[in-house]
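Q:
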Amino acid sequence: MAGRRMRAPERRRQLLEVAAAEFARRGYHGTTTAQLAKAAKITEPILYRHFTNKQALFVTLVDEVGDEVIAAWRASLEQATTPAERLGVLLAGNPATHERGRGIYRVIFHAMSESRNDEEIMAALQRHIGRLTAFLTDEISHLQQQKVVRKDASASGIALHLVQVAIGFGMLEPLGIKGVSSAKDRTDVQRLLATLLKA
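Numbering (the working numbering) for the sequence shown: 762 to 960.
1) Would you call Ala795 buried or exposed, if buried means 16 or more other Cβ atoms sit within 10 Å of its Cβ?
2) Tell me Val910's beta-bridge partners as DSSP assigns them.
3) Let me confirm a value: Gln887 is counted as buried when at least 16 other C-beta atoms fall within 10 Å, else exposed. Which label applies?
4) Rounded to whole angstroms, how far is the Cβ of Val779 from the Cβ of Leu797, which I believe are closer than 8 Å?
5) Between which two residues does the alpha helix (DSSP H) harbouring Ala841 extend?
6) Please identify the residue among Thr792, Asp913, Gln816, Ala895 whose C-alpha is closest to the C-alpha of Asn878.
7) Which value, in whole angstroms, describes the spacing of the CA atoms of Ala914 and Ala836?
8) For Met762, collect the residues of the same chain with a Cβ closer than 7 Å to its Cβ; drop the 5 residues on either side in sequence, then sort them by chain order.
9) When DSSP labels each residue in this structure, what does Gly891 get in the three-state scheme?
10) Within this structure, are the beta carbons of Leu897 and Leu851 separated by less than 8 Å?
11) Measure how close the beta-carbons of Ala800 and Gly864 come, nearest whole angstrom, since I'm counting them as under 8 Å.
12) With H, G and I counted as helix, E and B as strand and the rest as coil, what does DSSP make of Phe812?
13) Once DSSP output is grouped into helix, strand and coil, what is the label at Asp949?
14) Can you list, in chain order, the residues of its chain with a C-beta nearer than 7 Å to that of Glu805? Leave out the 5 residues immediately preceding and following it.
15) Figure out for me which residue from Tyr866, Thr813, Arg810 has the closest Cα to the Cα of Gly827.
16) Could you please give the first and the last residue of the uninterrupted alpha helix (DSSP H) stretch that includes Thr794?
17) Once the 5 residues before and after His889 are set aside, which same chain residues still bring their CB inside 6 Å of it?
18) If the criterion is Cβ atoms closer than 8 Å, does the pair Ala845 and Val909 meet it?
19) State the CB to CB distance for the pair Arg847 and Glu900, rounded to an integer number of angstroms; the pair is presumed to be in contact (CB under 8 Å).
20) Please confirm whether Glu768 and Ile831 have their CB atoms less than 8 Å apart.
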């Protein structure tokens, strides 16, 4: 008996999951739509029913990763009972070092340097970083009002620095460099940041 045909939303989700894995393995420019279709066990025409081209698939993936990251932060923040715990959640939530995000963030990091001439991809990457920074800015601003985070720097400036640290840590972690490759290293960085930000 043949397997059940996927509905359009299911197929779209499957294609995004497959694309995340293939882009992480081969890089954005090293992956073809033929390879994506083969990995998803479909034909290229079926892939094109859901996404007009590889670029559209990648842009959608970047946007959806942003949705996932912010949703995960919000869910974790709901468990925090004090402002200090909220700060801890923000500092522990680097998506580039979590199991779910490692692969796709590797692709995002590659795309930052490989796709400077691709306006659509650059816009998606800028939008992604902008969303993360805006979310953190709002949270940091509230923590400043609650006298948990220092006020001698702007909330937006602190948020941008946290994003920069997250990107740097995420880029270095796969290299196995001492100080950025273990769970203890991540905890040490979080503790240092908490000390630097303390009001």
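Ideal placement from N, C-alpha and C gives every residue a C-beta, glycine not left out.
A: Let's see:
1) exposed
2) Lys959
3) exposed
4) About 6 Å; that satisfies the 8 Å criterion.
5) Where Ala841 is concerned, there is no enclosing alpha helix (DSSP H), given that its DSSP letter is neither H nor E.
6) Closest option to Asn878, Cα to Cα, is Gln816.
7) The straight-line gap from Cα to Cα measures roughly 27 Å.
8) The predicted position of Met762 is uncertain, since its pLDDT is 39 and thus under 50; no value can be drawn from it.
9) Here Gly891 sits in helix by DSSP.
10) Result yes, Cβ atoms of Leu897 and Leu851 sit closer than 8 Å.
11) Beta-carbon to beta-carbon, Ala800 and Gly864 are separated by about 14 Å, too far to satisfy the 8 Å threshold.
12) coil
13) Here DSSP, grouped into helix, strand and coil, assigns Asp949 to helix.
14) Thr794, Ala795, Ala798
15) Tyr866
16) 794-801
17) Val823, Gly827
18) yes
19) Arg847 to Glu900, Cβ: 7 Å. Contact.
20) Here the sequence assigns Arg to residue 768, which means Glu is not the residue at that position. Result no, Cβ atoms of Arg768 and Ile831 do not sit closer than 8 Å.
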